[in-house]
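One rule links them: number in my numbering = place in the sequence shown (from 1) + 3.
Using N, Cα and C, we set each Cβ at its ideal position, and we do this for glycine too.
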Amino acid sequence: MITKKLDTTKENIEIAAQIIRSGGLVAFPTETVYGLGADALNETATGKIYAAKGRPSDNPMIVHISDIKELELLAEEVSSTAKTLMEAFWPGPITFVLKKKENVPSITTGGLNTVAVRMPSDEIARELIKKSKTPIAAPSANLSGKPSPTTAMDVLEDMDGRIDAVIMGEPCLVGIESTVLDLTSDIPVILRPGYITKEDIDKVIEVKTEFDGSLFMKPSNEEFKPKSPGMKYKHYAPKAEFKIITGNIKGISKAIEELKEKAENEGNKVEVLYYGEDSEKAAKTFFADLRRLDRDGVDLIIAASLKPEGLGFSVMNRMMKSAGYDIIYVEEEKDDSIS
Ligand code: TXA
Ligand code: MG
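Here's what the structure looks like:
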């Protein structure tokens, strides 16, 4: 199949919408990461997404809307808490899990009786959904297991020849996938942390949000049973070996230097990812950095961990998966000069 590369003109968005309407696959930009879209209500179309990505078919997709009215097609009940959250954060990088309506094909929701819905803020994404005249199911537009794509070129690296078209938009502003918040029980539960943090959510609703406990466990833990099916798979992995250094801040730089030198002496090409405390920048560039380092043929990536708070926690969630939980803890450095 030849994948059309569509610049972001009005005519091209119309061509892309036509492809969606006729059951094809189009990758498109959103503010978080690029999505791989199909008509959410057409099961043949959404079925093709699993094949194009090589994705396990029990992993449900996020359904994207451009207008709040489309919720009626998808969700059974929308609580007042849900409405408050939608008003506060939509359009934007947060997805809500709601009870699904019958007419959402079970292949779109991986067999679950719930549906994850998001209204993106990206103008191109919303224009595409509007012109397609149907909600668009879209996982991230990467091959399953690879880092999510945050540029059109990253999408092509994985999807050229596998899908009908790519809308060649700008690099994504946020850079990590949306926050996924389960609203199907009384207490909202964060299934996947993202740009919109627990603190942001708790500011606008009365009940306190919780995190899915599995977010704090390694997959090897017996109790690791994430409520979001996608969180259980190996994810975001670069080809290079990837280690994270965490712990005492002074110790980290020294430990990185030592590890780098040792690996280089053994003939490896080594690169260090250091974002300091800039979690916005880390979110924006982390996935792109992994892909760049793979293209450069790096053997070992060493990253300094971010403070696991707010957006830093969301980035660390991705980083730990990417590194397959290969984390080195550095103890407090002893300062011999003070007696
Ligand atoms: O930012 C994003 O969310 C991007 C852009 C394209 O919108 N999409 C994205 O989709 O990251 P994907 O498929 O890569 O991740 C969707 C996550 C998965 O972890 C999946 O298991 C979870 O959302 N999910 C989808 N539907 C669900 C449901 N009904 N219940 C629980 N988790 C659900
Ligand atoms: Mg994904």
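In the three-state reduction of the DSSP assignment, Glu126 falls in the helix class, which pools H, G and I. In this structure, the CA atom of Glu126 is about 16 Å from the CA atom of Thr153.
Note that the region 99–116 does not touch the region 141–148; fewer than 3 beta-carbon pairs, one per stretch, sit closer than 8 Å.
Put simply, the region 79–89 does not touch the region 17–28. Fewer than three CB pairs are less than 8 Å apart. Around the beta-carbon of Pro96, 16 or more other beta-carbon atoms lie within 10 Å, marking it buried. For Gly40, the CB stays at least 7 Å from every heavy atom of the ligand MG.
Gly300 is not bridged by DSSP to any residue. Proximity to the ligand MG was defined by a C-beta distance below 7 Å to any of its heavy atoms, and the residues meeting it, in sequence along the chain, are Pro142, Ser143, Asn145, Ser151, Glu180, Gly233. The Cβ atoms of Leu77 and Val36 lie no closer than 8 Å to each other. Ile304 and Arg121 have their C-alpha atoms some 33 Å from each other. Of Lys103, Glu34, Gly148, Lys133, the smallest CA-CA separation from Tyr53 is found for Gly148.
With a 10 Å radius around the Cβ and a threshold of 16 neighbouring Cβ atoms, Phe219 comes out exposed. Note on Tyr239: 16 or more other CB atoms within 10 angstroms of its CB, so buried under the neighbour-count rule. CA-CA distance, Asp10 to Ala168, rounds to 11 Å. Cβ-Cβ distances below 8 Å link Met171 to Lys8, Leu9, Asp10, Thr11, Ala155 in the same chain, with the five nearest sequence neighbours on each side left out; the list follows chain order. When Cβ pairs closer than 8 Å are counted between the two stretches, the region 283–290 is seen to touch the region 307–315, the count reaching three or more. Contact check between the region 289–300 and the region 269–278: three or more CB pairs, one atom from each, fall below 8 Å, which counts as touching. At least one heavy atom of the ligand TXA falls within 7 Å of the beta-carbon of Ser231. In this chain, the beta strand (DSSP E) harbouring Ala168 covers 168–170. Collapsing the DSSP output to three states places Asp10 in coil. Residue environment for Arg58: buried (at least 16 other C-beta atoms within 10 angstroms of its C-beta).
Taking 3 residues as the minimum length, the beta strand (DSSP E) runs contained wholly in the region 198–258 are 244–250, in order along the chain.
Taking C-beta separations shorter than 6 Å and ignoring five residues to either side along the sequence, the partners of Pro241 in its chain run Leu293, Asp297, following chain order. Taking the C-beta atoms as reference points, Thr212 is found nearer than 8 Å to Ile204.
Only residues of its own chain outside the window of five on either side were considered, and among them Ala243, Lys272, Glu274 have a CB closer than 6 Å to the CB of Val301, listed in chain order.
Ala306 carries a strand assignment under DSSP once its states are collapsed to helix, strand and coil.
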